[in-house]
Amino acid sequence: MAAGDEQQQAHRPGVFKQKNKQHKHGKHRTKGEIGRENKGRVAVMALTKKQRREMRKMDRKNKANQLRRNKKDLVLTEKRKLGSRDGPPHLVAVIALHSGVDAGAVTKILKGEGVGGVVHEDQGVTGAKDSFGLVLPRFKQRFIFYRPDAGWDSYGEYCLSCLFSQGLPSHALVCQGVADLAVKKRADSRKALSRLVESRFPEPRLFPVDSEQDATLLLRHLSAQKQRRLGFRSRRSHLLAQRATYIPNTSQNGTGGPATGLGTLCVSGYIRGRPLQVNRLVHITGHGDFQLSQIDAPADPLPIVTAAPRPAKPGRDVEMMDGGNGDMNGNVRLLMKADPEKRESLQAEAEARKNRRMMKVPKGTSDYQATWIKNNDEQEEDDDNDIDSCDDDDDDDDDGMMEDEMDGDNESQDAGSECASEGDDDDGEEEEEEEEISSTGRTGADQKYDEGMDEAEEGEGLRRYREARANEMFPDEKFRGLKSFRSSPWDPLENLPLDFSRIYQFQNFERMRRRILADAASEEEGAMAGWYVTLHIVDVPLSVMESFQSGKPLVLVSLLPHEQKMSVMHMLVRQHPSNTEPIKSKEDLVFQCGFRRFRASAIFSQHTSADKHKMERFLRPDAPTVMSVYAPITFPTAGVLVFKQRDNGMQDLVATGTLLSCDPRRVVLKRIVLSGHPFKINRRSAVVRYMFFNRGTHGHMKCVFDSQLRSQDTVLMNLYKRVYPRWTYDPYVPAPLPWVKREQPPALCDIDME
């Protein structure tokens with residue numbers, strides 16, 4: 070025993086102490102222990118098949134059969150509705166694929182009495198050549214035939230290339246002159262023609278049209294054949310104008326002022342595709358986007374049965390407004406009117422001519438200074454008087470009339486001498502006095518500035534100015550180096566151009582596309598497909614009516630939500646085999662993107678899955694290329710045709726493809742390669758010259774390498790800069806002239822050097 074004042078030290082085991090396994094005594098863990106071990110995780114509950122709503126094998130099979138049957142019935146209903154009393158007529162375009170084909174002879178046979186149809190010469194497309202309506206009571210079908218003015222040479226290759234790239238609808242191949250051949254040669258001739266078209270059409274079937282009996286068989290085939298659906302066309306409501314009238318606006322905003330050059334266009338035709346909403350915008354191909362004011366329902370000009378109309382089914386047709394009862398006597402009833410609160414607005418660029426603010430400022434005022442000037446009520450009244458006087462002579466006022474666009478882009482206009490001479494003398498004297506007073510004040514300020522000038526501060530300001538000028542003169546400073554083009558980061562939101570403030574960007578374009586297309590497919594309100602209606606389109610220029618009167622077709626397409634807004638559109642295209650000329654990036658081209666036709670300047674880039682894409686200076690003939698342009702939003706899918714206009718107005722097809730996406734964050738990088746030679750070589754570093762050689766600079770740079778250089782080596786450095794397309798979007802594209810194949814230049818060996 071130790072002493073009482075001393076305590077015995079306890080034995081502590083070392084690291085090599087044996088630790089035996091504890092005995093399993095059968096006790097369960099407490100709920101607290103289980104919670105501490107799980108750390109808040111909740112176990113997955115085991116659900117039964119009934120709770121998971123799992124069906125048995127027979128139930129799944131019956132459900133699949135039911136869905137398949139519903140889809141089949143929907144397709145058959147749509148097919149039977151086309152051309153019948155409840156649907157729009159069959160729209161047939163007679164196209165000659167050879168210059169020696171007489172398409173007029175085919176339409177003449179179709180009008181024959183032996184066909185058994187009722188011909189309506191005045192129910193075709195107004196102004197078009199050889200366009201008419203045809204009703205077949207025997208088949209209970211109706212047609213509208215349209216034939217372009219001119220055919221295509223070079224065996225229709227140019228025409229077929231455009232049709233297949235845009236999307237070929239249901240078609241029928243017709244040949245002529247088979248009955249004029251000998252009986253023994255007819256079979257061989259038809260086989261030769263079939264082999265000729267097999268390269269373009271997988272299952273060719275030729276219909277000879279030499280008699281009225283052949284025409285009857287052709288019409289039966291057209292009414293009963295399988296209908297091919299085009300995505301961009303079946304998802305939107307569209308209309309081919311058969312009648313059109315134009316009512317010019319008498320004054321500007323009803324104030325009794327001069328005419329605005331705009332008017333209301335009333336277009337009549339059959340609705341196709343989806344139901345037409347009166348509050349949606351409509352796009353006229355080649356002319357731009359417009360708004361609807363109302364929709365009327367005139368009598369159907371191509372009735373199959375002349376009996377009394379059946380009563381409308383409750384719940385399907387829209388409620389008719391008080392505007393008269395439409396009947397067969399020609400009375401027109403009002404279907405619906407646009408709601409100003411729900412009607413979609415045009416893009417800001419399209420409304421620039423309406424939303425302008427006029428203000429009066431002293432001479433010499435810059436655009437930046439003009440934005441800080443506010444107008445009072447008296448100045449606004451004076452501005453109205455000045456605007457009226459200037460509109461009469463179509464010139465701008467000389468004393469500082471400036472336009473301030475609503476989108477923030479201020480554009481100063483040139484001075485006009487005629488309007489300035491018509492102004493009041495008192496106003497001119499006041500402006501001269503203001504100009505003299507301001508100039509005198511500037512003179513005194515300049516004298517005080519010279520007396521108290523600080524030379525050091527002036528020298529620093531001059532140095533900064535020279536540096537800014539050098540940054541503008543030498544664009545190489547805008548480039549940057551990347552350690553790895555694949556993995557190095559590049560922020561897509563830095564140093565954006567001013568044009569990006571005018572575009573629209575989706576948080577998730579693919580999700581928005583699916584939602585909008587799903588909503589469009591489920592719409593059941595509005596003017597239904599198959600109705601013959603009259604659309605009242607407001608603020609339409611007179612050039613649209615002049616184009617229709619010249620015989621060119623007028624196609625109207627109802628826009629989906631957000632399709633009137635500008636953004637950066639990307640198109641995946643390939644160079645057409647018939648094009649042999651180089652196409653340079655940022656060159657002015659004509660695009661046919663779905664239902665839109667516009668002119669723009671595109672930049673080319675590689676089609677990869679990375680987050681950065683290299684710019685292509687020319688359109689590559691051996692690989693797909695992505696074209697990026699500023700254009701209105703269009704939801705895929707849609708075919709893309711790219712044309713290059715000649716000096717004589719003809720357009721050559723240079724590329725075809727599809728619409729890829731709408732993504733302003735897609736980074737396109739332009740690469741340049743700087744080269745230099747080692748001037749002084751060390752073990753790990755070297756002084757390189759001629760890499761930044763320019764007049765006024767020595768061009769020497771010290772570089773560090775992973776190994777020693779040799780004197781005969783060449784140093785290369787890749788630099789990158791983000792590029793953007795040019796804002797040259799123009800929706801007003803004139804129709805192209807009839808295409809003629811370009812003559813090939815003579816070979817070099819055939820040119821006489823003398």
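Counting with this note's numbering, you get residues 70 to 823 for the letters of the sequence shown.
Every residue, glycine too, gets a C-beta built ideally from N, C-alpha and C.
Keep in mind the model is a prediction, meaning the values are calculated, not measured.
Residue i burial status per 10 Å Cβ neighbour count (16 or more: buried)
{"i": "tyrosine 534", "result": "exposed"}
{"i": "leucine 785", "result": "exposed"}
{"i": "arginine 679", "result": "Per the sequence shown, the amino acid found at residue 679 is alanine instead of arginine. It is exposed - the Cβ of alanine 679 has fewer than 16 other Cβ atoms within 10 Å."}
{"i": "valine 351", "result": "buried"}
{"i": "aspartate 128", "result": "exposed"}
{"i": "glutamine 360", "result": "buried"}
{"i": "glutamine 78", "result": "exposed"}
{"i": "serine 674", "result": "buried"}
{"i": "threonine 694", "result": "buried"}
{"i": "glutamate 405", "result": "Reading the sequence as shown, one finds methionine at residue 405 and not glutamate. Methionine 405 should be labelled buried."}
{"i": "isoleucine 741", "result": "exposed"}
{"i": "serine 632", "result": "Strictly speaking, residue 632 in this sequence is glutamate, with serine absent from that position. With 16 or more other Cβ atoms within 10 Å, it is buried."}
{"i": "arginine 686", "result": "exposed"}
{"i": "aspartate 608", "result": "buried"}
{"i": "leucine 565", "result": "exposed"}
{"i": "alanine 598", "result": "buried"}
{"i": "isoleucine 364", "result": "buried"}
{"i": "threonine 314", "result": "exposed"}
Identity of the residues DSSP links to residue i by a beta bridge
{"i": "arginine 668", "result": "Val659, Asp799"}
{"i": "cysteine 231", "result": "Partner(s): none; cysteine 231 has no beta bridge."}
{"i": "methionine 719", "result": "Partner(s): none; methionine 719 has no beta bridge."}
{"i": "leucine 641", "result": "Val695, Thr727"}
{"i": "serine 714", "result": "Inspection of the sequence shows that residue 714 is occupied by glutamine rather than by serine. Per DSSP, Gln720."}
{"i": "glutamate 685", "result": "Phe673"}
{"i": "phenylalanine 359", "result": "Val351"}
{"i": "lysine 749", "result": "Val756"}
{"i": "tyrosine 789", "result": "Arg549, Arg740"}
{"i": "serine 678", "result": "Answer by DSSP bridge pairing: none, since serine 678 is not bridged."}
Contacting residues, own chain, Cβ-Cβ under 6 Å from residue i (five flanking each side not counted)
{"i": "arginine 255", "result": "Val247"}
{"i": "lysine 180", "result": "Val188"}
{"i": "serine 234", "result": "Gly708, Leu710, Thr725"}
{"i": "methionine 806", "result": "A quick correction: the sequence has leucine, not methionine, at residue 806. If we look at leucine 806 and ignore the five residues flanking it on each side, its Cβ neighbours are Gly718, Met719."}
{"i": "glycine 65", "result": "Residue coverage of the chain in this structure runs from 70 to 823, which leaves residue 65 outside it and unanswerable."}
{"i": "alanine 407", "result": "Val347, Asn348, Leu361, Ser362"}
{"i": "asparagine 89", "result": "none"}
Cβ pair residue i, residue j closer than 8 Å
{"i": "tyrosine 699", "j": "phenylalanine 548", "result": "no"}
{"i": "isoleucine 652", "j": "lysine 713", "result": "yes"}
{"i": "isoleucine 629", "j": "isoleucine 353", "result": "It is leucine, not isoleucine, that sits at residue 629 in the sequence shown. Taking 8 Å as the Cβ cut-off, leucine 629 and isoleucine 353 do not qualify as a contacting pair."}
{"i": "arginine 668", "j": "valine 792", "result": "no"}
{"i": "valine 711", "j": "alanine 724", "result": "yes"}
{"i": "methionine 635", "j": "leucine 729", "result": "no"}
{"i": "threonine 176", "j": "phenylalanine 214", "result": "yes"}
{"i": "threonine 797", "j": "histidine 605", "result": "no"}
{"i": "glutamate 413", "j": "arginine 349", "result": "yes"}
{"i": "alanine 162", "j": "alanine 172", "result": "no"}
{"i": "valine 613", "j": "cysteine 662", "result": "no"}
{"i": "glycine 355", "j": "leucine 309", "result": "no"}
{"i": "arginine 758", "j": "histidine 769", "result": "yes"}
{"i": "glycine 620", "j": "glycine 196", "result": "yes"}
{"i": "methionine 684", "j": "leucine 738", "result": "yes"}
{"i": "phenylalanine 704", "j": "leucine 586", "result": "yes"}
{"i": "proline 610", "j": "leucine 331", "result": "yes"}
Sequence-distant residues of the same chain with beta carbon closer than 8 Å to residue i, five excluded per side
{"i": "serine 303", "result": "Gly342, Arg343"}
{"i": "serine 754", "result": "Lys771, Cys772, Val773, Phe774"}
{"i": "glutamine 574", "result": "Ser636, Pro733, Arg734"}
{"i": "aspartate 568", "result": "Tyr699, Tyr793, Trp796"}
{"i": "methionine 124", "result": "Lys132"}
{"i": "leucine 237", "result": "Arg297"}
Same chain only: Cβ atoms within 7 Å of residue i, ignoring 5 sequence neighbours per side
{"i": "leucine 371", "result": "Pro158, His189, Gln192, Gly202, Val204, Arg211"}
{"i": "serine 557", "result": "Leu551"}
{"i": "leucine 778", "result": "Pro747, Ile750, Ala755"}
{"i": "arginine 259", "result": "Val247, Leu275"}
{"i": "alanine 284", "result": "Ile178, Leu179, Gly181, Val184, Val278"}
{"i": "arginine 643", "result": "Pro693, Ala724, Thr725, Gly726"}
- Query: If you scan the segment 161-226 from start to end, which runs of the alpha helix (DSSP H) of 4 or more residues do you find wholly inside it?
  - Reply: 172-179
- Message: Give the list of continuous alpha helix (DSSP H) stretches no shorter than 4 residues that lie fully inside the segment 273-331.
- Response: 281-293, 300-303
- Contiguous beta strand (DSSP E) assignments of at least 3 residues, all confined to the segment 589-635: 601-610, 624-627
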